[in-house]
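Report on the following structure.
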Amino acid sequence: MIIKPKRLSYLLAMNLILGSSINMLTTAYAQRPEESLDWSIQTSKKTFYPGEPVLLTVKISNTGQQKERIDFGTHDLEAFSMEIRDGSNKVVAKGGKIRRPGFEAFRPTIIPAGKTGQKSIVLNQWCSTLLPPGQYHVVCHVEYRLRSEATKIPGTEPAFFKAGPLHSIELELDINIVEMDTPKFEQILEDLAIREVRKDGQSKGEWLRKWQIAREMLAFTESPLAVPYQLHILKVGAGTWLKRDVINSLARSGTLEAANGFMQIIEGCPQCGVEDVKQAIIDAVYRLRETGKSDIINATDEFVVKYKRPVLAKPRD
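Counting from 1, position 86 in the sequence shown corresponds to residue 86 in the working numbering; the numbering is continuous, with no gaps.
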């Protein structure tokens with residue numbers, strides 16, 4: 001068959017247009033940023049004692065060609081919610097998104113092309129692990145945004161950007177809760193506490209990262225055995241939100257040791273620097289009295305005469 005020059009030019013042009021269109025569609029699909037991220041979740045072990053802090057490590061591998069910045073919301077926490085299910089798939093613990101009032105700049109997790117980044121969070125911040133022995137299934141819901149999908153708002157200088165779409169993913173893993181072994185549990189807490197001391201040859205960055213994670217794990221431990229360590233965090237100083245988390249854990253401990261520690265910090269530790277959470281500590285003493293335990297009530301009678309209960313927002317459960 002002989003194709004005339006005009007016909008040949010037309011066919012070549014159409015082929016070029018179609019080929020370019022297909023290539024653009026293929027390229028656009030391949031470059032959708034969220035599809036270049038591989039997600040996984042893990043723990044350093046599978047067996048835990050009731051109330052032991054469970055450190056979850058979310059790993060994100062960037063298989064794309066460009067650096068990605070992942071926004072997990074304010075305080076790097078807002079993106080996460082959790083569920084714990086038992087062997088019959090019944091939800092036995094659930095924690096929604098953590099939203100904290102006040103201004104907090106977004107600090108994206110930056111993952112270069114071809115690299116893997118990670119985010120460590122403590123399960124107990126959302127769900128209690130004070131559970132009967134058995135195997136449990138943890139479901140971690142993540143809702144995140146990518147900085148690469150943000151678009152500049154026209155006419156703004158300096159530039160303001162509109163956030164990109166919200167993406168969601170579910171990550172799952174199993175954990176086992178076993179019968180309490182007090183000496184081993186105490187050793188776990190001690191091992192976390194000694195991370196406060198910087199080891200020889202340890203870089204400052206590595207030390208700070210491990211220390212901060214250890215403090216969070218101690219802060220959310222659900223056991224009277226953790227009370228001395230939690231009081232120590234209050235006394236040596238920490239960020240306001242971590243101190244509030246520690247105060248909640250101590251109030252839930254229902255112990256005389258926590259009550260005495262609170263009173264000592266308020267009345268005998270001016271160097272502790274707790275002015276930002278003083279009212280929360282006073283309220284926690286009242287919460288401990290609500291346990292109805294006579295030793296706590298007797299020990300705090302004079303304190304509550306001197307310090308009236310403040311009006312605070314309801315503590316987050």
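Virtual Cβ for every residue (Gly too), placed ideally from N, Cα, C. Small disclaimer: the values here were computed from a predicted structure and weren't measured.
- In the three-state DSSP reduction, T300 falls in the helix class (H, G or I).
- In this structure, the CA atom of T151 is about 41 angstroms from the CA atom of I175.
- Counting along the chain, L171 sits inside the beta strand (DSSP E) bounded by residues H167 to I177.
- Annotated three-state conformation of L56 is strand, per DSSP.
- Partner residues in the beta bridge of D38, as assigned by DSSP, are S61.
- By the Cβ neighbour-count rule, A163 is exposed, with fewer than 16 other Cβ atoms within 10 Å of its own.
- In terms of Cα proximity to Q125, the closest of G261, D276, I213 and C269 is I213.
- E222 is the residue among T43, I169 and E222 whose C-alpha sits nearest the C-alpha of N248.
- Remark: C-beta atoms of T57 and I41 approach each other more closely than 8 angstroms.
- Short of 8 angstroms from the beta carbon of F48, and not among the five residues preceding or following it, lie these beta carbons of its own chain, in chain order: V54, T129, I175, N176, I177 and V178.
- Secondary-structure assignment with DSSP links D71 through a beta bridge to R145.
- Secondary structure of I84 (DSSP, three-state): strand.
- Ranked by Cα distance from M180, the options L312, E52 and R244 are led by E52.
- Counting only residues of its own chain and dropping the five nearest sequence neighbours on each side, L256 has a CB closer than 7 angstroms to the CB of D295, I296 and A299.
- The beta carbon of K46 sits closer than 8 angstroms to those of D174, I175 and N176, all from its chain and outside the five residues before and after it, given in chain order.
- Between the alpha carbons of F262 and L146 lies a distance of about 42 angstroms.
- With a threshold of 16 other beta carbon atoms within 10 Å, I281 meets it and is buried.
- The C-alpha of L225 lies about 46 angstroms from the C-alpha of G64.
- Within the same chain, and ignoring the five residues on either side of V246 in sequence, the residues whose Cβ sits closer than 6 angstroms to its Cβ are A219, Q230, I233 and L234.
- Counting along the chain, the unbroken beta strand (DSSP E) around A93 starts and ends at V91 to G95.
- Linking R215 to L123 through their CA atoms gives a straight-line distance of about 14 angstroms.
- The beta carbon of R195 sits closer than 7 angstroms to those of K210, W211 and A214, all from its chain and outside the five residues before and after it, given in chain order.
- V142 is not a Cβ neighbour of M82, given a cutoff of 8 angstroms.
- In chain order, D86, G87, N176 and I177 place their CB closer than 8 angstroms to the CB of G134, counting only its own chain and leaving out the 5 sequence neighbours on each side.
- Between I111 and F80, the gap from beta carbon to beta carbon reaches 8 angstroms or more.
- Closest in alpha carbon position to K119, among P108, A113 and C127, is P108.
- Cβ-Cβ distances below 6 angstroms link V236 to nothing in the same chain once the five nearest sequence neighbours on each side are left out.
- Here the C-alpha atom of G239 lies approximately 38 angstroms from the C-alpha atom of G155.
- About 7 angstroms separates the beta carbon of K243 from that of V274, a gap short enough to meet the 8 angstroms contact definition.
- The continuous alpha helix (DSSP H) containing T240 extends over residues T240 to S253.
- In this structure L250 does not touch M217 by the C-beta definition: roughly 15 angstroms separates them, more than the 8 angstroms allowed.
- Of the residues L37, D200, Y144 and E170, the one whose Cα lies closest to the Cα of E78 is Y144.
- Taking all protein chains shown into account, N89 has fewer than 16 neighbouring C-beta atoms within 10 Å of its C-beta and is therefore exposed.
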